[in-house]
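Encoded as structure tokens, the structure appears first; notes follow it.
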Amino acid sequence: MTWLIWRQHRTEVCVLGLLVGAFGIALLVLGTQAHDLFPGGPARCAGEAGVGEACAASFRRLDDEYGYVENLLAAFYLVPVVIGAFLGAPLLARELEDGTWQLAWTQAVPRMRWLAAKLVALAGVTVVLTGMFTAVLTWFRQPFDAWEGRFQYDAFDLEGLVPVAYALFAFAVATAAGAILRRSLPAFGVAFGAFLAARMSVALLARPAYATPLTAMEPVPAGGPTDQAGHRFVPGVADWVIERGYADATGHRLSSVEYYELEDAANRAGANVNQFLHSRGIQQFGVYHPADRFWTFQLIEAAVFVAVAAILVGVVVWRVRRRIL
Amino acid sequence: MTATGLALRTDGVGKRYRKGWALRDCTLALPAGGVIALVGPNGAGKTTLLRLVVGLLAPSTGTVEVLGRDVTASTPQTLSRVGFLAQDHPLYKRFTVAEMLRFGRACNLRFDQGLAERRLAKLGIPLDRRAGSLSGGQQAQVALALALAKRPDLLVLDEPVASLDPLARHEFLQVLMGAVADGGVTVLFSSHVVHELERVCDHLVVLNQGRVTLAGDIDTLLAEHRLLVGPRTANDLDRAAAVVEAVHSDRHTTLLVRDGGIPAAPGWQAQPVALEELVLVYLRRPPEPSAGDPSEVTA
């Protein structure tokens, strides 16, 4: 079986391997240069230390010289999907398209063993390729993460565990769609569409609710939202801020209309807005997930996508076992 | 399995797809050791029945037993006893012929590589060519060599010669019959071509609109049926139990009867019926939907 699986899928595996290899090498080269901007490692500039003179200079150069790479990488959250869908789509669909399922399942290898071997091998390749890609990308993003945190969409979706889970999800959708549609290309398209829809709704609706967000509230400082004395408002850049706003002295949150009325009043009075707000006891608040929830959130999101993938694989196994084709 | 056992036994087998029933109430008992032809027009359910026999599909109703074993078990042992050549003889088009043989070796308990290589060498099919670049006839031969190298007890072929030109067809049948002659393998094949059957087959199953309308040993079937020619008679003869078909011309009536050869009534002349004619009559005749086992209706 090993030889057969390799012979049947070596084209996909080689193409994807080359692609991941080429991107990986490019990122390693660029990433080494970017890391060199931070003597002692980018981690030293994370958080409060980032405002220091040396770190600020490093971040400026990072943004000038490699900011474009970071912007390009934002689209790379689709790479795991391509890997998974490319390997999953032909698993059953190609056999059904070419009629070779009738050849494959009338040899002495029972179909369930055939299916199990294929699923394990190709899901394994999916995990290995995505894992390698993600490891390089996570390393490359270290300086950027020190600057912006890991909860932004262009960091959270590209790092850690979730890319592998996305890839497995795409693999399972493509395999199941291939079994039902009996065509590789439409199956690939379905996997792509399903991932975009799932990821969008998960990122926007489900992800903020993985844990109860914290709320920080403090009076508006007279000097401005972040004053120059090095004091920072509690939801920092590395935290994931879901909502930000103002509240009155009793803690009642102000609507934007109410806030603009205050601002207008300040302008009419010819006062500095912050001083005006400060004098009235207005507080600023932030609803956020602290940066240290990163791995908890990664685990939860990965589990969600892997669970859906497992259900879809279950459907494929059930169809093949019941000989519904 | 010895020649005295049953190669295939189906009991009340039906298969329903989303569109409707492809096969209904199929009850058959076919002996091992011989060539069985499954004849029917396009869409009669031949492919469905063959896929049920090799376990590619599961029946919606009834049971299928091949060589004494329920096919849905699908163990390596039962799978290795049945060879299958699907319609349009699918191969992995990007594999070379040698890789196709390696596929056979990798996926079977017993695989006679030497036998396959000898057959292909005799036909002049090079092992280093890609399967997809071979002619249709050569692809069919490679698929047949693969199926025969399994050394199956039952070889099932779905429309094996339908897509072949006359020369390739002749060559294919020659190779197949040669294999039957020296292997003791039971062959079950489907066809919508009626002629040449008598020369090749021992058993016949006629399938029409998803139902078995005729099944049996060819010699027995020919002995049971005959043509009676007599003066033109009233149409109610059509409904007599033994009459399979009545054809009226201006002055004569020709009856195909299944009466086991009792003496003909005076004024009627009895003639033997040719197999091809017999099959055509049963293909023309719509199956009776109420019949539980159509092959026993007139027996």
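Chains as they are written, first to last, in the UniProt record's numbering: chain A, 1 to 325; chain B, 1 to 299.
Even glycine gets a Cβ: it sits at the ideal position worked out from N, Cα and C.
Relative to the C-alpha of residue 142 of chain B, which residue among B:190, B:90 and B:163 is closest? For the purposes of this step, residue 142 of chain B is taken as the residue at position 142 of the second sequence. Here the closest residue by C-alpha is B:90.
Counting only runs of 3+ residues fully inside the region 104-181 of chain B, write out the beta strand (DSSP E) ranges in chain order. Within the region 104-181 of chain B, the complete beta strand (DSSP E) runs of at least 3 residues are 154-157.
Can you list the residues of chain A that residue 172 of chain B reaches, using a CB-CB cut of under 9 Å? Residue numbering aside, residue 172 of chain B sits at position 172 when the second sequence is read from its first letter. Here the premise fails: no neighbours, minimum Cβ distance about 17 Å.
Please name the residues in the region 101-120 of chain A whose beta-carbon is closer than 9 Å to at least one beta-carbon of chain B, in chain order. Within the region 101-120 of chain A, the residues whose Cβ lies closer than 9 Å to some Cβ of chain B are 101, 102, 103, 104, 105, 106, 107, 108, 109, 110, 111, 112, 113 and 114, listed in chain order.
Minimum Cβ-Cβ distance from residue 6 of chain A to chain B less than 8 Å: Residue mapping note: residue 6 of chain A aligns to position 6 of the first sequence, counting from 1. When Cβ-Cβ separations below 8 Å define contact, residue 6 of chain A makes no contact with chain B.
Quick check on residue 35 of chain A: does DSSP put it in helix, strand or coil? For the purposes of this step, residue 35 of chain A is identified with residue 35 of the first sequence, where counting begins at 1. Correct three-state label for residue 35 of chain A: helix.
Cut-off 8 Å between Cβ atoms - residues of its own chain near residue 100 of chain B, not counting five sequence neighbours on either side: Within the second sequence, numbered from 1, the residue matching residue 100 of chain B stands at position 100. In its chain, beyond the 5 residues on either side, 91, 92, 131, 142 and 146 have a beta carbon closer than 8 Å to the beta carbon of residue 100 of chain B.
Give a yes or no on whether the minimum CB-CB distance between residue 88 of chain B and chain A is below 8 Å. Within the second sequence, the letter at position 88 stands for residue 88 of chain B. Yes, its Cβ sits closer than 8 Å to a Cβ of chain A.
Minimum Cβ-Cβ distance from residue 3 of chain A to chain B less than 8 Å: What you label residue 3 of chain A is simply residue 3 of the first sequence in a count that begins at 1. With its beta carbon less than 8 Å from one in chain B, residue 3 of chain A belongs to the interface.
Give me the chain B residues within the contact set of residue 67 of chain A, using Cβ-Cβ distance strictly less than 7 Å, ordered along the chain. Walking along the first sequence from the start, residue 67 of chain A turns up at place 67. Counting only Cβ-Cβ distances below 7 Å, residue 67 of chain A has no contacts in chain B at all, with the closest Cβ about 44 Å away.
Please tell me whether residue 282 of chain B has its Cβ less than 8 Å away from any Cβ of chain A. Locating residue 282 of chain B in the second sequence gives position 282, where the first residue counts as 1. Answer no: the Cβ-Cβ gap between residue 282 of chain B and chain A never drops below 8 Å.
Output yes or no for whether 8 Å exceeds the beta carbon distance between residue 144 of chain B and residue 103 of chain B. Position 144 of the second sequence holds residue 144 of chain B. Position 103 of the second sequence holds residue 103 of chain B. The beta carbons of residue 144 of chain B and residue 103 of chain B sit no closer together than 8 Å.
Do the region 119-138 of chain A and the region 271-281 of chain A touch if we need at least three Cβ pairs shorter than 8 Å? The region 119-138 of chain A vs the region 271-281 of chain A: no contact.
Counting along the chain, where does the beta strand (DSSP E) carrying residue 256 of chain A start and finish? On the first sequence, residue 256 of chain A is found 256 positions in, with the first residue counted as 1. Bounds of any beta strand (DSSP E) do not take in residue 256 of chain A; it lies within the alpha helix (DSSP H) bounded by 256-269.
To the nearest angstrom, how far is it from the Cα of residue 152 of chain B to the Cα of residue 97 of chain B? The residue labelled residue 152 of chain B in the question sits at position 152 within the second sequence. The residue labelled residue 97 of chain B in the question sits at position 97 within the second sequence. Their backbone Cα atoms lie some 21 Å apart in a straight line.
Minimum C-alpha distance to residue 174 of chain A - residue among A:54, A:301 and A:90: Locating residue 174 of chain A in the first sequence gives position 174, where the first residue counts as 1. Closest by alpha carbon: A:90.
Option nearest residue 157 of chain A by Cα separation, candidates A:142, A:186, A:77 and A:120: Here residue 157 of chain A refers to the residue found at position 157 of the first sequence. With distances taken between CA atoms, residue 157 of chain A lies nearest to A:77 out of A:142, A:186, A:77 and A:120.
Starting from the beta carbon of residue 9 of chain B, find every residue of chain A whose beta carbon is closer than 8 Å, and list them in chain order. Here residue 9 of chain B is taken as the residue at index 9 of the second sequence, counted from 1. Those within 8 Å of residue 9 of chain B in chain A number zero; the least Cβ separation is about 19 Å.
When A:292, A:72 and A:210 are compared against residue 137 of chain A, the one with the closest alpha-carbon: Taking the first sequence and counting its residues from 1, the one referred to as residue 137 of chain A is at position 137. Residue 137 of chain A has its Cα closest to that of A:72, out of A:292, A:72 and A:210.
Start-to-end residues for the beta strand (DSSP E) that takes in residue 218 of chain A: Taking the first residue of the first sequence as position 1, residue 218 of chain A is located at position 218. From DSSP, the beta strand (DSSP E) with residue 218 of chain A extends over 214-219.
Does the Cβ of residue 3 of chain A have 16 or more other Cβ atoms within 10 Å, making it buried, or fewer, making it exposed? Position 3 of the first sequence, counted from the first residue, corresponds to residue 3 of chain A. The residue in question, residue 3 of chain A, is exposed, as its Cβ has fewer than 16 Cβ neighbours within 10 Å.
Which residue or residues does DSSP assign as beta-bridge partners of residue 17 of chain B? As a first step, residue 17 of chain B must be located in the second sequence, where it is residue number 17. The secondary-structure analysis by DSSP pairs residue 17 of chain B across a beta bridge with B:20.
In the DSSP output, what is residue 37 of chain B paired with across the bridge? Along the second sequence, read from residue 1 onward, the residue named residue 37 of chain B stands at position 37. DSSP lists B:189 and B:204 as partners of residue 37 of chain B.
Could one say the Cβ of residue 178 of chain A lies closer than 8 Å to chain B's Cβ atoms, at least one of them? As a position in the first sequence, residue 178 of chain A is number 178, starting the count at 1. Interface annotation, residue 178 of chain A: not in contact with chain B, CB-CB separation never under 8 Å.
How close, in whole Å, do the beta carbons of residue 269 of chain B and residue 230 of chain B come, if the pair is a contact with beta carbons under 8 Å? Along the second sequence, one-based indexing puts residue 269 of chain B at 269. Along the second sequence, one-based indexing puts residue 230 of chain B at 230. About 7 Å; that satisfies the 8 Å criterion.
Secondary structure at residue 226 of chain A, three-state DSSP: helix, strand or coil? Residue mapping note: residue 226 of chain A aligns to position 226 of the first sequence, counting from 1. A caution first: residue 226 of chain A carries a pLDDT of 48, below 50, which makes its placement in the model unreliable, though a value can still be read off. Coil, per DSSP.
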